[in-house]
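S.K.: Shown below is the structure under consideration.
There are 2 protein chains.
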Amino acid sequence: MAESVLILGAGLVGSSLGLALTRAGYDVVLWDIASSHALVAAGLGAGRVSDESTDDPDVVVVATPPDVIPELVAEVLGKFPDAVITDVGSVKAPILRAIDRLAPEHRRYVGSHPMAGSQFTGPLTASGDLFRDRTWVVTPEPENAPEDVAVIERLARDVGAKVVTMPASEHDVAVAQVSHVPHLMSILTASHLREVPTPNLQLAGQGIRDVTRIAGSDPALWRQILTSNADAVRHELLEVAQDLAYLIDQLDRPDALERFLGMGQAGALSLVGKHGQDPLDMLEVTVEIPDEPRALARLFTDIGEAGFNVEDFELNHDPIREVGYLSISVEREMAEKLKTKIMEGGWQAWLGSRK
Amino acid sequence: MAESVLILGAGLVGSSLGLALTRAGYDVVLWDIASSHALVAAGLGAGRVSDESTDDPDVVVVATPPDVIPELVAEVLGKFPDAVITDVGSVKAPILRAIDRLAPEHRRYVGSHPMAGSQFTGPLTASGDLFRDRTWVVTPEPENAPEDVAVIERLARDVGAKVVTMPASEHDVAVAQVSHVPHLMSILTASHLREVPTPNLQLAGQGIRDVTRIAGSDPALWRQILTSNADAVRHELLEVAQDLAYLIDQLDRPDALERFLGMGQAGALSLVGKHGQDPLDMLEVTVEIPDEPRALARLFTDIGEAGFNVEDFELNHDPIREVGYLSISVEREMAEKLKTKIMEGGWQAWLGSRK
Chain Y
492 MAESVLILGA
502 GLVGSSLGLA
512 LTRAGYDVVL
522 WDIASSHALV
532 AAGLGAGRVS
542 DESTDDPDVV
552 VVATPPDVIP
562 ELVAEVLGKF
572 PDAVITDVGS
582 VKAPILRAID
592 RLAPEHRRYV
602 GSHPMAGSQF
612 TGPLTASGDL
622 FRDRTWVVTP
632 EPENAPEDVA
642 VIERLARDVG
652 AKVVTMPASE
662 HDVAVAQVSH
672 VPHLMSILTA
682 SHLREVPTPN
692 LQLAGQGIRD
702 VTRIAGSDPA
712 LWRQILTSNA
722 DAVRHELLEV
732 AQDLAYLIDQ
742 LDRPDALERF
752 LGMGQAGALS
762 LVGKHGQDPL
772 DMLEVTVEIP
782 DEPRALARLF
792 TDIGEAGFNV
802 EDFELNHDPI
812 REVGYLSISV
822 EREMAEKLKT
832 KIMEGGWQAW
842 LGSRK
Chain F
492 MAESVLILGA
502 GLVGSSLGLA
512 LTRAGYDVVL
522 WDIASSHALV
532 AAGLGAGRVS
542 DESTDDPDVV
552 VVATPPDVIP
562 ELVAEVLGKF
572 PDAVITDVGS
582 VKAPILRAID
592 RLAPEHRRYV
602 GSHPMAGSQF
612 TGPLTASGDL
622 FRDRTWVVTP
632 EPENAPEDVA
642 VIERLARDVG
652 AKVVTMPASE
662 HDVAVAQVSH
672 VPHLMSILTA
682 SHLREVPTPN
692 LQLAGQGIRD
702 VTRIAGSDPA
712 LWRQILTSNA
722 DAVRHELLEV
732 AQDLAYLIDQ
742 LDRPDALERF
752 LGMGQAGALS
762 LVGKHGQDPL
772 DMLEVTVEIP
782 DEPRALARLF
792 TDIGEAGFNV
802 EDFELNHDPI
812 REVGYLSISV
822 EREMAEKLKT
832 KIMEGGWQAW
842 LGSRK
């Protein structure tokens, strides 16, 4: 028989989870304090609407805003004495402390945090692919039964997520570093626009739009996330404030400034891979080119048709053989495809490591 | 006869400009200190390679890194006594001051700044559409002849750009605000990753990737841009540092924190429209729904097939007529299309302003 999951909260995350679990063969029941949300999510195919009296779930997922998570977890711990309970809150240690106060016997609660979402809210923006290839952090405590932890880990994998396990306190430091601080840097950049005369906004390009995209997220939700993780966030922000003071001091010192920019570039490149994949890694495709002008034009036509982001290239000539060599740096995963495409055009091509 | 344009510098911007101007019917000649770059750009269709001795351009565009722009402008002012000269440097007042020292008679130089580029460099990443719908700032000075300014404005429009005219000093303040400070905020966020243990990077999601994307840009280029605009950038960064200190103080004050987050959200939304378009502007599409469950499911299928980002919705019931009304908020430009799509499915739908 299919495992039965009760999802409390049919917003973006709860509804998406309902869609994904239904697809994976779970029997999903939906509840939301706004009954129209549960109705809409059910209409989308995310499960059936709870009638409360007959619910008997194997697993309960609390997918509400963080401020009501502890009381709902405490409530369902009492109401469903055999169910494993988890939640999707973005900060784990404060939720665990609050549950500890409300329901001291909570060994069936296993905290978790799917690292997925968008700047949108509500069931209409739900997607059954929301968790695919995303990280889902599970934060077990020593008192949890291993089989209960396994239930939550399997649920996460069944919706396509990659499970990472770490203690709640470590999780909270990590999200301060890679999620909450970046969010506030986006907020600081976007809020600084209040100082910018409207005509100057005409000069805004894609860069500032990318930096400020997540600042468009719901302030009420982020108020809860940030205040519940205030200590870890403050620690990181004080480091950023030191960096900012240093940066302001280096604006007239080109060498020191460039070193700092290089540190930023290295940090950005460490994230360029897909979610959770290895850092950017470049390979070089070298192509032999007969020494006549139309050859290059033909080659670029072939490369262009393959649709690559070519990051860097170098052209060298061999004066004896009267041929040239064009070396093109591309991401490792694309290099083989580019080489194949080029060779299909009748060129000689090799793959090598970047110098 | 087609106007003849000499482009000095066949990097991303110069090569893209060559592609776009060639397409627009200009006769384009390319020169680069690395002759292979000019050769590659010509191979892509961006013009023909300069042989220097016979060049006789009507317009010269200096599209090199900023540090060599003033000397090249001074050189071509002397070499081509009838040509109008412009450049594509990101900071205008220091370039103008340097030209003033090198070539005191520079009324044929009209500064400009196409607000287009990418984190990539070199002619292989060029695109004839790079300037389409982007802002191209022209920064005329009182001594410029209006017909020379008009030549540069027409060139910008001929490659699809939207021309904005402002004095060089105002331009430099504006780019500090909407480009250089966001760049440094991205750098600060990315460089802070040096403090993050590698396992914690597994928790990085799309948000930090967006915020840090532009930090991946070339540090050597940005060193030049930032040091040449250091005063304006410092002024803005000191304001950001004050905001950051305030933010750190509000982490334990939920109401003040939420107000600050709301300021960031407002700033982000002011940029959400397309480049140079109006700020985000929402309309509501209201749909009448017969009071039976499958109706909602059918409606969401229809909406889903239309592929919309639905930002918000509300479901209301009319107990007398036994129908419901679903109101969906979408961007103004999409509202009419959504309404049409919904009505094609046989629904009753209206368009209205957001409450």
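These protein sequence lines map, in sequence, to chains Y and F. Numbering (the working numbering) for the first sequence: 492 to 846. Numbering (the working numbering) for the second sequence: 492 to 846. We treat Cβ as the ideally placed atom computed from N, Cα and C, and that holds for glycine. Predicted model only: the values in this text are computed from it and were never measured.
Just verifying my parser: in three-state terms, what is the DSSP assignment at F/K653?
M.R.: strand
S.K.: Can you look up F/F622 in the DSSP assignment and give me helix, strand or coil?
M.R.: coil
S.K.: Using a Cβ-Cβ distance under 7 Å, would F/L568 count as near chain Y?
M.R.: Chain Y has no Cβ within less than 7 Å of the Cβ of F/L568.
S.K.: Could you compute how far the alpha carbon of F/Y600 sits from the alpha carbon of Y/P605?
M.R.: 56 Å
S.K.: Cβ of F/I705 within 7 Å of Cβ of F/S581?
M.R.: no
S.K.: Report the rounded CA-to-CA distance for F/L497 versus F/V540, giving the unit in angstroms.
M.R.: 10 Å
S.K.: Give the residues of chain Y in contact with F/W713, contact being defined as C-beta atoms less than 7 Å apart.
M.R.: For a Cβ distance threshold of 7 Å, residue set L752 of chain Y lies close to F/W713, ordered along the chain.
S.K.: F/A574 and F/D549 look like a contact to me (Cβ under 8 Å); what is the Cβ gap, rounded to whole Å?
M.R.: That belief holds up - the Cβ atoms of F/A574 and F/D549 are roughly 6 Å apart, short of 8 Å.
S.K.: Are the C-beta of Y/K828 and some C-beta of chain F separated by less than 7 Å?
M.R.: no
S.K.: Which bits of chain Y does F/I699 rub up against, with CB to CB less than 8 Å?
M.R.: V669, S670, P673, L762
S.K.: Rounded C-beta distance between F/V655 and F/R648? I'm assuming under 8 Å.
M.R.: In fact, because the Cβ distance is near 12 Å, the residues do not count as touching under 8 Å.
S.K.: Using 8 Å as the cut-off, can you tell me whether the region 748 to 758 of chain F makes contact with the region 679 to 691 of chain Y, which would need three or more C-beta pairs spanning the two stretches below that distance?
M.R.: yes
S.K.: Counting only C-beta atoms, is F/G767 closer than 7 Å to chain Y at any point?
M.R.: Any reading at F/G767 must be qualified, since the residue scores a pLDDT of 39, below 50, and its modelled position is unreliable; no value is offered.
S.K.: Just the C-alpha distance for Y/Q768 and F/D709, rounded to the nearest angstrom, thanks.
M.R.: Since pLDDT at Y/Q768 reaches only 38, below the 50 mark, its modelled position is unreliable, and the value read off the structure follows with that caveat. C-alpha separation (whole angstroms): 23 Å.
S.K.: Count Cβ pairs between the region 530 to 544 of chain F and the region 553 to 567 of chain F that sit closer than 8 Å; are there 3 or more?
M.R.: no
S.K.: With 16 other CB atoms within 10 Å as the buried threshold, where does Y/D639 fall?
M.R.: Result: buried.
S.K.: Classify Y/D578: buried if its beta carbon has 16 or more other beta carbons within 10 angstroms, exposed otherwise.
M.R.: buried
S.K.: Could you give the residue range of the beta strand (DSSP E) that holds Y/W522?
M.R.: 518 to 522
S.K.: Per DSSP, Y/Q693 is paired with what?
M.R.: Paired residues: none, contrary to the question.
S.K.: Identify whether Y/T545 lies in helix, strand or coil by the three-state DSSP scheme.
M.R.: Assignment of Y/T545 by DSSP, reduced to helix, strand and coil, places it in the coil class.
S.K.: Would you call the CB atoms of Y/V669 and F/A695 closer than 7 Å?
M.R.: yes
S.K.: Which chain F residues sit within Cβ distance under 8 Å of Y/P862?
M.R.: This structure gives no information on residue 862 of chain Y, because the portion of chain Y shown stretches from 492 to 846.
S.K.: Tell me, which residues are paired with F/T777 by DSSP?
M.R.: F/S818, F/W841
S.K.: Just to confirm before moving on: does the CB-CB distance between Y/I774 and Y/L692 stay below 7 Å?
M.R.: The question names Ile, but residue 774 of chain Y in the sequence shown is Leu. In this structure, Y/L692 does not lie closer than 7 Å to Y/L774 by Cβ.
S.K.: From Y/E634 to F/P673, what distance separates their C-alpha atoms?
M.R.: Roughly 46 Å separates the two Cα atoms.
S.K.: Touching or not, the region 816 to 824 of chain Y and the region 566 to 573 of chain F, by the rule of three or more beta carbon pairs under 8 Å?
M.R.: no
S.K.: Under the rule that 16 or more other beta-carbon atoms within 10 Å means buried, what is F/E727, buried or exposed?
M.R.: buried
S.K.: For a quick check, are the C-beta atoms of Y/I524 and Y/P561 less than 7 Å apart?
M.R.: no
S.K.: So with CB distances below 9 Å, who are the chain Y contacts of F/R588?
M.R.: What F/R588 touches in chain Y: nothing, since even the nearest Cβ is about 16 Å away.
S.K.: Which residues, taken in chain order from the region 681 to 696 of chain Y, show a beta carbon closer than 7 Å to some beta carbon of chain F?
M.R.: A681, S682, H683, L684, R685, E686, V687, N691, L692, Q693, L694, A695, G696
S.K.: Taking DSSP as the reference, what is the three-state secondary structure of Y/L497?
M.R.: For Y/L497, the three-state secondary structure derived from DSSP is strand.
S.K.: Pull up the distance between the alpha-carbon of F/R744 and that of Y/P557, whole angstroms please.
M.R.: 17 Å
S.K.: Does any residue of chain F have a CB that is nearer than 7 Å to the CB of Y/L558?
M.R.: Checking the sequence shown, residue 558 of chain Y turns out to be Asp, not Leu. With 7 Å as the cut-off, Y/D558 does not count as an interface residue toward chain F.
S.K.: Unbroken beta strand (DSSP E) runs of length 3 or more, entirely within the region 643 to 687 of chain Y: which are they?
M.R.: 653 to 656
S.K.: Anything in chain F within Cβ reach of Y/P710, meaning under 7 Å, just list it in chain order.
M.R.: E749, L752, G753, Q756
S.K.: To the nearest angstrom, report how far apart Y/R700 and Y/M834 are at their CA atoms.
M.R.: So the two alpha carbons sit approximately 39 Å from each other.
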